[in-house]
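Residue numbers (UniProt numbering): 1 to 304.
Here a beta-carbon is modelled for each residue, glycine too, at the ideal position from N, C-alpha and C.
Below: one structure, written as C-alpha cells.
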C-alpha cells in the first residue's frame, strides 16, 4: 500500500509530560523527507482528540494518527469509529508515558519505528473492545477496561495531578491505596457462564498483553485474535497483592493464588461501587457493565 496522500496527526501536547510536543519537529522532518503530506491539529482538553478524529475522518483524510499515549489513541479510535464516512485507518506515534497498546502488541520498540508505518504502511485489522453500561453509556477501548482496585489507583494518580499513569506513579499509589480500598463480592458473567466472585479486588479486560504502564497482565494476548482477555484478582491478602504488583511487570503473576485469567468473547460485571477506567482514563458507569470484543473493527497502520 502506498503512503496516504494526506494524513491528519492529532497531537496531545501534554502526553508524556510534553514529550509528544518535543518530538513533533523531528517527526515532521522525517515525513517531509519521505514525501508524506500531513496536517497537525492539537488537542485542548479531554475528549477533544475524539472530536478532531471524527472531523478528520469526515474531511477525507486518508488516515488519522494519534500522537500521544493510550488515552489519546483511545479517543482517536472512538472518533473514527463514530464517523459517518466509515472507519478510515488509524496509526499511532507512541509518545505518552505508558504506550501499552504499541508495546503490548509488539508493534514498535521505539517511536521512530512508528514513522515507518506512515511512510510504508501495511494495514492490519485490529480488534477493539466495546463497553456498555446499564444506562446506555457506550465507549470503545483500544487497549483495556479496568474495574476495581486498578481503576481506583488510576483515579488517585489523576486526582493528584498526574496527566497520565506511568509505572512509578501507579506503583506508589497502589501501595498507598491498599489500606483504603475494599474488595467486594462481584457477579461476573463470562460468555454466558455466571459466577459470584468472593472478595474481588479487580477485574481487567484487555485487548493486548500490557496495561498500566507496562504491566504484562495477560501474557500472549493479542489485538488480532478475535477474543478479549479477562483477569481478575480475588480472595487474597493485602500482603499478597504487594508481591503480585512486583511480579506482574514480568508476567510472573500467572498461576499465583487468586489470579484468574480467561479468554472470552464478552464479559458482564456487576460491581456497584467499583470505579472504572477505559484506556487509563476514569469514567463514571452504572452497573451492570458489559464489555465485548469487536473483531477486526479497526484498520491500523503497522510497519512493513
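Measuring CB to CB, does residue i end up less than 8 Å from residue j?
| i | j | result |
| --- | --- | --- |
| residue 235 | residue 198 | yes |
| residue 231 | residue 217 | yes |
| residue 170 | residue 100 | no |
| residue 295 | residue 123 | no |
| residue 273 | residue 184 | yes |
| residue 12 | residue 74 | no |
| residue 27 | residue 88 | no |
| residue 8 | residue 36 | no |
| residue 82 | residue 54 | yes |
| residue 281 | residue 207 | no |
| residue 278 | residue 131 | yes |
| residue 364 | residue 67 | Nothing can be reported for residue 364, as the shown portion of the chain is limited to 1 through 304. |
| residue 263 | residue 229 | yes |
| residue 243 | residue 258 | no |
| residue 57 | residue 64 | yes |
| residue 62 | residue 6 | yes |
| residue 316 | residue 104 | Any property of residue 316 remains undetermined from this structure, which presents the chain solely from 1 to 304. |
How many whole angstroms separate the CB atoms of residue i and residue j, which I take to be in contact at a CB cut-off of 8 Å?
| i | j | result |
| --- | --- | --- |
| residue 97 | residue 213 | 6 Å |
| residue 293 | residue 129 | 6 Å |
| residue 140 | residue 77 | 6 Å |
| residue 151 | residue 275 | 4 Å |
| residue 15 | residue 69 | 5 Å |
Should residue i be labelled buried (16 or more other beta-carbon atoms within 10 Å of its own) or exposed?
| i | result |
| --- | --- |
| residue 180 | exposed |
| residue 156 | buried |
| residue 108 | buried |
| residue 301 | buried |
| residue 195 | exposed |
| residue 209 | buried |
| residue 71 | buried |
| residue 90 | buried |
| residue 164 | With a pLDDT of 49 at residue 164, under the threshold of 50, the predicted position of this residue should be treated as unreliable, though the coordinate-derived value follows. Flag for residue 164 reads buried. |
| residue 291 | buried |
| residue 137 | exposed |
| residue 193 | exposed |
| residue 304 | exposed |
| residue 223 | buried |
| residue 146 | buried |
| residue 110 | exposed |
| residue 168 | exposed |
| residue 4 | With a pLDDT of only 46 at residue 4, under 50, the local geometry of the prediction cannot be trusted, and no value is derived from it. |
Between which residues of its own chain and residue i is the CB-CB distance below 6 Å, once the five residues before and five after are set aside?
| i | result |
| --- | --- |
| residue 286 | 133, 134 and 135 |
| residue 34 | 119 |
| residue 268 | 189, 288 and 290 |
| residue 79 | 50, 53 and 54 |
| residue 297 | 128 |
| residue 187 | 196 and 270 |
| residue 260 | 232 |
| residue 149 | 181, 201 and 202 |
| residue 43 | 12 and 49 |
| residue 38 | 7, 9 and 31 |
If you measure from the CB of residue i, is any heavy atom of the ligand FMN nearer than 7 Å?
| i | result |
| --- | --- |
| residue 111 | The ligand content of the structure shown is nil, which means the ligand FMN is not present either. |
Excluding sequence positions up to five away, which residues of its chain have a Cβ less than 7 Å from the Cβ of residue i?
| i | result |
| --- | --- |
| residue 245 | 171 and 174 |
| residue 220 | 209 |
| residue 248 | 215, 216 and 217 |
| residue 153 | 170, 173, 174 and 177 |
Under 8 Å Cβ to Cβ from residue i, same chain only, skipping five residues before and after it: list those, please.
| i | result |
| --- | --- |
| residue 238 | 178 and 179 |
| residue 102 | 92, 94, 108 and 114 |
request  = At 3 residues or longer, and completely inside the stretch 137-188: list those beta strand (DSSP E) runs for me, N to C.
outcome  = 138-141 and 144-148
request  = Please list the segments of the beta strand (DSSP E) lying wholly inside the UniProt domain "DAGKc" (2-135), counting only runs of 3 or more residues, in order along the chain.
outcome  = 6-11, 37-42, 63-68, 90-94 and 121-132
request  = Would you mind listing the beta strand (DSSP E) stretches within the stretch 210-252 that are 3+ residues and don't spill past its ends, in chain order?
outcome  = 228-234
request  = With a floor of 3 residues, list each beta strand (DSSP E) that falls wholly inside the stretch 248-282, ordered by position along the chain.
outcome  = 259-264, 266-270 and 276-278
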